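Here the sequence shown is numbered in the UniProt record's numbering, starting from 1 and rising by one per residue.
All C-beta atoms, glycine included, are put in the ideal place defined by N, C-alpha and C.
Just so it is clear, the structure is predicted and the values come from calculations on it, not from any experiment.
So the structure is just underneath, and the comments pick up after that.
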Amino acid sequence: MQSSSNLFPVALISAERRGDLSEDVYRLKPGNSPDGTVELAVTRLGLADVPENRGIAVILLHGSFSNRRFWYSPKGLGLGAYLARQGFDVWVPEMRGHGLSRRNQDYAKNRVADYARYDLPAIGAFVREQSAQTPHWIGHSLGAITLAAALGARHLDASAVASAALFGCQVSRTHWPLKIPPVEWAGRWLLKRFAHVSGPRFKRGPEDEPAGVLIEALRWNGLFGRFGDADADWWKGLAQVDVPLLAVSAAGDEQDPDWACRKLFEQVGSEHRQYLCLGRGQGFTGDFGHVEMLVSKAAQAEVWPLAAQWLKDPLTPLSAARPELMATA
(Lines of atoms letter the chains of each structure in order from A and count residues from 1; the text may use other names and numbers.)
(Lines give C-alpha, C1' and ligand atoms only; values in the text may rest on other atoms or scores of the structure.)
Protein backbone atom coordinates (compact mmCIF):
# COMPACT_ATOMS: atom_id res chain seq x y z
CA MET A 1 0.00 0.00 0.00
CA GLN A 2 1.32 3.44 -0.90
CA SER A 3 2.38 5.55 2.08
CA SER A 4 0.57 8.79 2.87
CA SER A 5 3.89 10.37 3.82
CA ASN A 6 7.40 10.78 2.43
CA LEU A 7 8.87 10.58 5.95
CA PHE A 8 8.06 7.00 6.95
CA PRO A 9 5.28 4.45 6.32
CA VAL A 10 1.86 6.00 6.97
CA ALA A 11 -1.49 4.44 6.12
CA LEU A 12 -4.85 6.19 6.02
CA ILE A 13 -6.92 3.59 7.88
CA SER A 14 -10.20 5.49 8.07
CA ALA A 15 -11.82 8.50 6.41
CA GLU A 16 -15.28 9.28 7.72
CA ARG A 17 -17.76 12.09 7.98
CA ARG A 18 -19.01 12.66 11.54
CA GLY A 19 -21.87 15.10 11.25
CA ASP A 20 -20.33 18.41 10.22
CA LEU A 21 -16.79 17.12 10.84
CA SER A 22 -14.37 15.07 8.79
CA GLU A 23 -12.34 12.42 10.63
CA ASP A 24 -9.26 10.97 8.96
CA VAL A 25 -7.27 8.41 10.95
CA TYR A 26 -3.64 7.69 10.04
CA ARG A 27 -1.39 4.93 11.31
CA LEU A 28 2.24 6.01 11.57
CA LYS A 29 5.18 3.59 11.66
CA PRO A 30 8.11 5.92 12.34
CA GLY A 31 10.69 3.18 12.90
CA ASN A 32 12.81 5.62 14.89
CA SER A 33 12.88 3.85 18.27
CA PRO A 34 14.55 0.64 19.50
CA ASP A 35 11.15 -1.08 19.41
CA GLY A 36 10.40 -1.38 15.70
CA THR A 37 6.82 -2.50 16.35
CA VAL A 38 5.65 0.95 17.50
CA GLU A 39 2.64 2.25 15.58
CA LEU A 40 0.87 5.51 16.37
CA ALA A 41 -2.68 6.44 15.43
CA VAL A 42 -3.20 10.13 14.62
CA THR A 43 -6.66 11.50 13.88
CA ARG A 44 -7.16 14.65 11.81
CA LEU A 45 -10.34 16.64 12.42
CA GLY A 46 -11.71 19.33 10.16
CA LEU A 47 -14.91 20.72 8.71
CA ALA A 48 -16.39 18.17 6.33
CA ASP A 49 -17.60 20.72 3.79
CA VAL A 50 -14.31 22.64 3.51
CA PRO A 51 -11.62 19.91 3.51
CA GLU A 52 -9.14 21.99 1.51
CA ASN A 53 -9.49 25.11 3.64
CA ARG A 54 -7.51 24.09 6.71
CA GLY A 55 -6.61 26.67 9.33
CA ILE A 56 -3.98 26.83 12.08
CA ALA A 57 -2.58 23.39 12.90
CA VAL A 58 -2.85 22.22 16.51
CA ILE A 59 -1.83 18.90 18.09
CA LEU A 60 -3.77 17.70 21.16
CA LEU A 61 -2.05 15.28 23.57
CA HIS A 62 -4.22 13.23 25.95
CA GLY A 63 -3.28 12.34 29.52
CA SER A 64 -2.85 9.03 31.33
CA PHE A 65 -5.53 6.31 31.15
CA SER A 66 -7.05 8.23 28.23
CA ASN A 67 -7.31 8.38 24.44
CA ARG A 68 -8.52 10.63 21.62
CA ARG A 69 -12.04 10.70 23.08
CA PHE A 70 -10.86 13.09 25.77
CA TRP A 71 -10.70 15.71 23.03
CA TYR A 72 -13.80 14.79 21.06
CA SER A 73 -16.62 12.38 21.82
CA PRO A 74 -18.47 10.14 19.33
CA LYS A 75 -21.21 12.78 19.43
CA GLY A 76 -18.77 15.47 18.28
CA LEU A 77 -18.28 17.21 21.61
CA GLY A 78 -14.97 18.32 23.09
CA LEU A 79 -12.23 20.88 22.66
CA GLY A 80 -10.95 19.12 19.53
CA ALA A 81 -14.34 19.28 17.84
CA TYR A 82 -14.80 22.88 18.98
CA LEU A 83 -11.48 23.95 17.49
CA ALA A 84 -12.23 22.13 14.23
CA ARG A 85 -15.52 24.03 13.99
CA GLN A 86 -13.58 27.24 14.60
CA GLY A 87 -11.55 26.44 11.50
CA PHE A 88 -8.43 24.95 13.10
CA ASP A 89 -6.61 21.99 11.59
CA VAL A 90 -6.83 19.58 14.55
CA TRP A 91 -4.57 16.56 15.04
CA VAL A 92 -5.16 14.09 17.87
CA PRO A 93 -2.45 11.44 18.44
CA GLU A 94 -2.90 8.44 20.72
CA MET A 95 0.10 7.21 22.65
CA ARG A 96 1.48 3.67 22.31
CA GLY A 97 -1.18 1.13 23.22
CA HIS A 98 -3.93 3.72 23.70
CA GLY A 99 -7.08 3.95 21.60
CA LEU A 100 -6.35 3.05 17.99
CA SER A 101 -2.58 2.79 18.58
CA ARG A 102 -1.67 -0.88 18.87
CA ARG A 103 0.33 -2.17 21.80
CA ASN A 104 3.97 -2.43 20.81
CA GLN A 105 6.17 -5.40 21.61
CA ASP A 106 7.76 -3.72 24.64
CA TYR A 107 4.49 -2.10 25.74
CA ALA A 108 5.07 -2.79 29.45
CA LYS A 109 8.36 -0.85 29.30
CA ASN A 110 6.97 2.25 27.59
CA ARG A 111 8.06 5.49 29.26
CA VAL A 112 7.50 9.21 28.94
CA ALA A 113 11.15 9.33 27.85
CA ASP A 114 10.23 7.21 24.81
CA TYR A 115 7.20 9.32 23.96
CA ALA A 116 9.27 12.52 24.22
CA ARG A 117 12.35 11.27 22.36
CA TYR A 118 10.75 9.26 19.55
CA ASP A 119 6.97 9.67 19.25
CA LEU A 120 6.30 13.40 19.58
CA PRO A 121 9.04 14.37 17.08
CA ALA A 122 7.63 11.87 14.57
CA ILE A 123 4.07 13.10 15.09
CA GLY A 124 5.20 16.71 14.77
CA ALA A 125 7.15 16.01 11.58
CA PHE A 126 4.13 14.29 10.01
CA VAL A 127 1.79 17.14 10.91
CA ARG A 128 4.25 19.69 9.53
CA GLU A 129 4.48 17.71 6.30
CA GLN A 130 0.72 17.42 5.87
CA SER A 131 -0.28 20.91 7.01
CA ALA A 132 2.75 22.82 5.63
CA GLN A 133 3.02 24.79 8.87
CA THR A 134 4.58 24.58 12.33
CA PRO A 135 1.86 23.28 14.68
CA HIS A 136 0.78 24.52 18.06
CA TRP A 137 0.67 21.90 20.83
CA ILE A 138 -1.80 21.46 23.70
CA GLY A 139 -1.27 18.79 26.36
CA HIS A 140 -3.31 17.74 29.37
CA SER A 141 -1.85 16.03 32.45
CA LEU A 142 0.56 13.29 31.31
CA GLY A 143 0.29 14.60 27.74
CA ALA A 144 1.44 18.00 28.97
CA ILE A 145 4.24 16.41 31.02
CA THR A 146 5.40 14.55 27.91
CA LEU A 147 5.38 17.79 25.94
CA ALA A 148 7.38 19.51 28.70
CA ALA A 149 9.87 16.61 28.69
CA ALA A 150 10.32 16.86 24.92
CA LEU A 151 10.92 20.60 25.18
CA GLY A 152 13.28 20.30 28.15
CA ALA A 153 15.31 17.59 26.41
CA ARG A 154 15.39 19.57 23.13
CA HIS A 155 13.63 16.80 21.24
CA LEU A 156 11.21 19.56 20.20
CA ASP A 157 12.16 23.19 19.71
CA ALA A 158 10.87 26.35 18.07
CA SER A 159 11.25 24.79 14.62
CA ALA A 160 8.65 22.17 15.59
CA VAL A 161 6.48 24.06 18.10
CA ALA A 162 4.68 27.31 17.30
CA SER A 163 3.42 27.45 20.88
CA ALA A 164 2.84 25.08 23.80
CA ALA A 165 -0.13 25.03 26.19
CA LEU A 166 0.18 22.88 29.31
CA PHE A 167 -3.04 22.06 31.19
CA GLY A 168 -2.74 20.49 34.63
CA CYS A 169 1.02 19.97 34.29
CA GLN A 170 3.41 19.61 37.22
CA VAL A 171 6.23 17.42 38.51
CA SER A 172 6.81 19.04 41.92
CA ARG A 173 4.04 17.61 44.10
CA THR A 174 5.97 15.55 46.65
CA HIS A 175 4.88 12.07 47.68
CA TRP A 176 6.92 11.85 50.86
CA PRO A 177 6.71 8.06 51.37
CA LEU A 178 8.54 7.65 48.04
CA LYS A 179 11.51 9.52 49.53
CA ILE A 180 12.07 6.41 51.68
CA PRO A 181 14.12 4.13 49.38
CA PRO A 182 12.54 0.81 50.53
CA VAL A 183 9.09 2.21 49.76
CA GLU A 184 10.13 3.29 46.27
CA TRP A 185 11.88 -0.05 45.64
CA ALA A 186 8.80 -1.94 46.77
CA GLY A 187 6.62 0.12 44.42
CA ARG A 188 8.91 -0.62 41.48
CA TRP A 189 9.04 -4.32 42.34
CA LEU A 190 5.26 -4.52 42.51
CA LEU A 191 4.71 -2.69 39.22
CA LYS A 192 7.24 -4.88 37.43
CA ARG A 193 5.01 -7.86 38.20
CA PHE A 194 2.38 -6.40 35.86
CA ALA A 195 2.44 -5.25 32.24
CA HIS A 196 -0.01 -2.46 32.91
CA VAL A 197 -2.35 -0.83 35.39
CA SER A 198 -6.03 -1.00 34.46
CA GLY A 199 -7.74 2.36 34.14
CA PRO A 200 -11.28 0.94 34.12
CA ARG A 201 -10.62 -1.34 37.09
CA PHE A 202 -9.26 1.46 39.26
CA LYS A 203 -11.69 4.02 37.84
CA ARG A 204 -8.93 6.22 36.45
CA GLY A 205 -10.11 6.28 32.86
CA PRO A 206 -11.03 4.16 29.83
CA GLU A 207 -7.48 2.99 29.01
CA ASP A 208 -4.74 0.94 30.66
CA GLU A 209 -1.39 2.54 31.40
CA PRO A 210 1.90 0.65 30.84
CA ALA A 211 3.82 -0.17 33.99
CA GLY A 212 6.93 1.54 32.64
CA VAL A 213 5.31 4.99 32.79
CA LEU A 214 4.36 4.50 36.43
CA ILE A 215 7.78 3.09 37.36
CA GLU A 216 9.33 6.15 35.72
CA ALA A 217 7.14 8.43 37.86
CA LEU A 218 8.28 6.59 40.98
CA ARG A 219 11.87 7.31 40.03
CA TRP A 220 11.13 11.02 39.52
CA ASN A 221 9.69 11.15 43.03
CA GLY A 222 12.40 9.06 44.70
CA LEU A 223 14.97 10.35 47.21
CA PHE A 224 17.42 11.47 44.52
CA GLY A 225 14.91 11.63 41.71
CA ARG A 226 14.73 14.30 39.05
CA PHE A 227 12.52 15.14 36.08
CA GLY A 228 14.68 13.64 33.37
CA ASP A 229 16.30 10.46 32.11
CA ALA A 230 19.83 9.09 32.00
CA ASP A 231 20.75 11.42 29.14
CA ALA A 232 19.25 14.74 30.16
CA ASP A 233 17.86 16.76 33.05
CA TRP A 234 14.57 17.90 31.58
CA TRP A 235 13.87 20.26 34.47
CA LYS A 236 17.07 22.22 33.88
CA GLY A 237 16.42 22.12 30.15
CA LEU A 238 13.09 23.91 30.59
CA ALA A 239 15.01 27.07 31.48
CA GLN A 240 16.36 27.11 27.90
CA VAL A 241 12.96 26.68 26.22
CA ASP A 242 12.03 29.58 23.98
CA VAL A 243 8.58 28.97 22.55
CA PRO A 244 5.41 30.86 23.54
CA LEU A 245 4.00 29.09 26.59
CA LEU A 246 0.59 28.96 28.25
CA ALA A 247 0.33 27.10 31.56
CA VAL A 248 -3.14 26.47 32.99
CA SER A 249 -4.01 25.10 36.41
CA ALA A 250 -7.35 24.48 38.11
CA ALA A 251 -8.15 25.82 41.57
CA GLY A 252 -10.00 22.63 42.49
CA ASP A 253 -7.38 20.22 41.11
CA GLU A 254 -6.08 18.02 43.92
CA GLN A 255 -4.00 15.82 41.60
CA ASP A 256 -1.96 18.62 40.02
CA PRO A 257 -2.39 21.60 42.36
CA ASP A 258 -2.02 25.20 41.34
CA TRP A 259 1.22 25.84 43.25
CA ALA A 260 2.97 22.90 41.57
CA CYS A 261 1.78 23.89 38.09
CA ARG A 262 2.98 27.43 38.77
CA LYS A 263 6.42 26.13 39.79
CA LEU A 264 6.87 24.38 36.45
CA PHE A 265 5.66 27.49 34.62
CA GLU A 266 8.24 29.61 36.43
CA GLN A 267 11.01 27.18 35.43
CA VAL A 268 10.37 27.67 31.71
CA GLY A 269 12.58 30.31 30.16
CA SER A 270 10.25 31.40 27.35
CA GLU A 271 10.22 35.12 26.65
CA HIS A 272 6.49 35.01 25.95
CA ARG A 273 4.60 33.07 28.61
CA GLN A 274 1.26 33.26 30.37
CA TYR A 275 -0.17 31.55 33.44
CA LEU A 276 -3.85 31.06 34.19
CA CYS A 277 -5.58 29.50 37.19
CA LEU A 278 -9.19 28.43 36.64
CA GLY A 279 -11.09 29.33 39.80
CA ARG A 280 -13.68 31.60 41.35
CA GLY A 281 -10.97 33.83 42.74
CA GLN A 282 -9.76 34.46 39.21
CA GLY A 283 -13.16 35.44 37.83
CA PHE A 284 -14.44 32.06 36.65
CA THR A 285 -17.81 30.65 37.66
CA GLY A 286 -16.29 27.86 39.75
CA ASP A 287 -13.15 26.07 40.91
CA PHE A 288 -12.39 23.72 38.05
CA GLY A 289 -11.06 20.21 38.63
CA HIS A 290 -8.38 18.19 36.88
CA VAL A 291 -10.65 16.84 34.16
CA GLU A 292 -13.34 19.51 34.33
CA MET A 293 -10.82 22.15 33.28
CA LEU A 294 -11.25 20.84 29.72
CA VAL A 295 -14.23 18.47 29.79
CA SER A 296 -17.33 20.14 31.22
CA LYS A 297 -20.07 22.54 30.23
CA ALA A 298 -18.28 25.27 32.16
CA ALA A 299 -15.06 24.57 30.23
CA GLN A 300 -16.99 24.75 26.98
CA ALA A 301 -18.25 28.21 27.88
CA GLU A 302 -15.19 29.64 29.65
CA VAL A 303 -12.03 27.72 28.74
CA TRP A 304 -12.39 26.59 25.13
CA PRO A 305 -12.74 30.18 23.79
CA LEU A 306 -9.58 31.12 25.70
CA ALA A 307 -7.74 28.19 24.13
CA ALA A 308 -8.84 29.31 20.67
CA GLN A 309 -7.80 32.89 21.43
CA TRP A 310 -4.37 31.68 22.57
CA LEU A 311 -3.83 29.64 19.41
CA LYS A 312 -4.70 32.58 17.21
CA ASP A 313 -2.34 34.95 19.02
CA PRO A 314 -0.01 33.44 21.67
CA LEU A 315 1.85 36.73 22.14
CA THR A 316 -1.12 38.71 23.49
CA PRO A 317 -2.36 38.26 27.09
CA LEU A 318 -5.62 36.35 27.19
CA SER A 319 -7.31 38.73 29.60
CA ALA A 320 -5.65 41.55 31.47
CA ALA A 321 -8.64 41.62 33.82
CA ARG A 322 -7.82 38.28 35.44
CA PRO A 323 -5.58 38.89 38.49
CA GLU A 324 -4.01 35.43 38.30
CA LEU A 325 -2.92 35.81 34.70
CA MET A 326 0.84 36.35 34.56
CA ALA A 327 2.51 37.39 31.34
CA THR A 328 6.03 38.31 30.32
CA ALA A 329 6.55 40.15 27.08
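Run through DSSP, which three-state label would residue i get?
i	result
GLN274	strand
PRO121	helix
ARG18	strand
ILE56	coil
TRP71	coil
PRO206	coil
LEU246	strand
LEU61	strand
VAL213	helix
PRO314	coil
GLY237	helix
TRP304	helix
PHE265	helix
GLY228	strand
LEU47	strand
GLY281	helix
ASN6	coil
LEU79	helix
ASP258	helix
ARG219	helix
GLN105	coil
LEU294	coil
ASP253	coil
LEU190	helix
ASP114	helix
PRO34	coil
DSSP has residue i in a bridge; who is on the other side?
i	result
TYR26	LEU12, VAL42
ASP89	ALA57
HIS196	PRO210
GLU94	ALA41
PHE167	HIS140, VAL248
Restricting to Cα atoms, I'd like to know which of the options is closest to residue i.
i	options	result
ALA113	LEU7, ARG154, ALA81, ASP258	ARG154
GLU209	LYS75, PHE8, GLN86, ARG102	ARG102
THR285	GLU271, TYR275, GLN300	GLN300
LEU100	ALA108, VAL50, TYR26	TYR26
ARG276	ALA164, TRP259, ALA247	Here residue 276 is Leu; the residue named in the question, Arg, does not match the sequence. The residue with the shortest Cα to Cα distance from LEU276 is ALA247.
GLN240	TRP304, GLN267, GLY143	GLN267
ALA11	PHE227, LEU21, LEU28, ARG17	LEU28
ARG44	LEU311, ALA81, PRO305	ALA81
GLY228	LEU60, ALA149, ARG262	ALA149
GLU94	ILE123, LYS263, THR134	ILE123
ARG280	GLU302, ALA144, ALA260, LEU61	GLU302
PRO141	GLN105, TRP71, ALA230	In the sequence as presented, Pro is not what sits at residue 141; that position holds Ser. Checking every option, the nearest Cα to that of SER141 belongs to TRP71.
GLN255	LEU7, PRO135, VAL291, VAL295	VAL291
ASP89	GLY199, LEU238, ALA132, GLY76	ALA132
ALA260	ALA125, ALA158, LEU61, LEU166	LEU166
GLY199	LEU214, LEU190, LYS192, ALA125	LEU214
LEU77	LEU306, SER296, GLY139	SER296
GLY237	GLY269, LEU245, ASP253	GLY269
TRP91	VAL197, GLU23, ALA298	GLU23
ASP20	ARG68, SER5, PRO74	PRO74
VAL243	TRP304, LEU147, LYS192	LEU147
PHE194	GLY225, TYR107, ALA158	TYR107
GLY212	LYS109, LEU47, MET293	LYS109
GLY36	ASN104, GLU52, GLY87	ASN104
ARG68	LEU218, LEU278, GLY152, GLY139	GLY139
ARG54	ALA230, LEU61, TRP235, GLN130	GLN130
GLY143	LEU120, PRO135, ILE13, ALA125	LEU120
SER249	LEU294, ARG219, LEU47	LEU294
GLY31	LEU7, TRP220, GLY87	LEU7
residue 389	ASP287, GLN86, SER159, ILE59	The structure shown does not extend to residue 389, since the chain is modelled only from 1 through 329, so no value can be given for it.
ASP253	LEU245, TRP235, ASP287, TRP310	ASP287
Just confirm the distance between the C-beta atoms of residue i and residue j, as a whole number of angstroms; I'd bet it's less than 8 Å.
i	j	result
ALA57	VAL127	6 Å
GLY168	SER66	Contact flag wrong, Cβ pair sits at about 12 Å.
ALA308	LEU83	6 Å
GLU207	HIS98	5 Å
VAL42	ARG96	Incorrect: roughly 12 Å between the Cβ atoms, too far for contact.
SER33	TYR118	4 Å
VAL161	TRP137	6 Å
PRO314	SER163	4 Å
GLU216	ARG111	5 Å
LEU61	TRP304	Not confirmed; about 17 Å, so no contact.
- Please go through the stretch 126-165 and give each complete alpha helix (DSSP H) segment of 4 or more residues, from N-terminal end onward. 142-152
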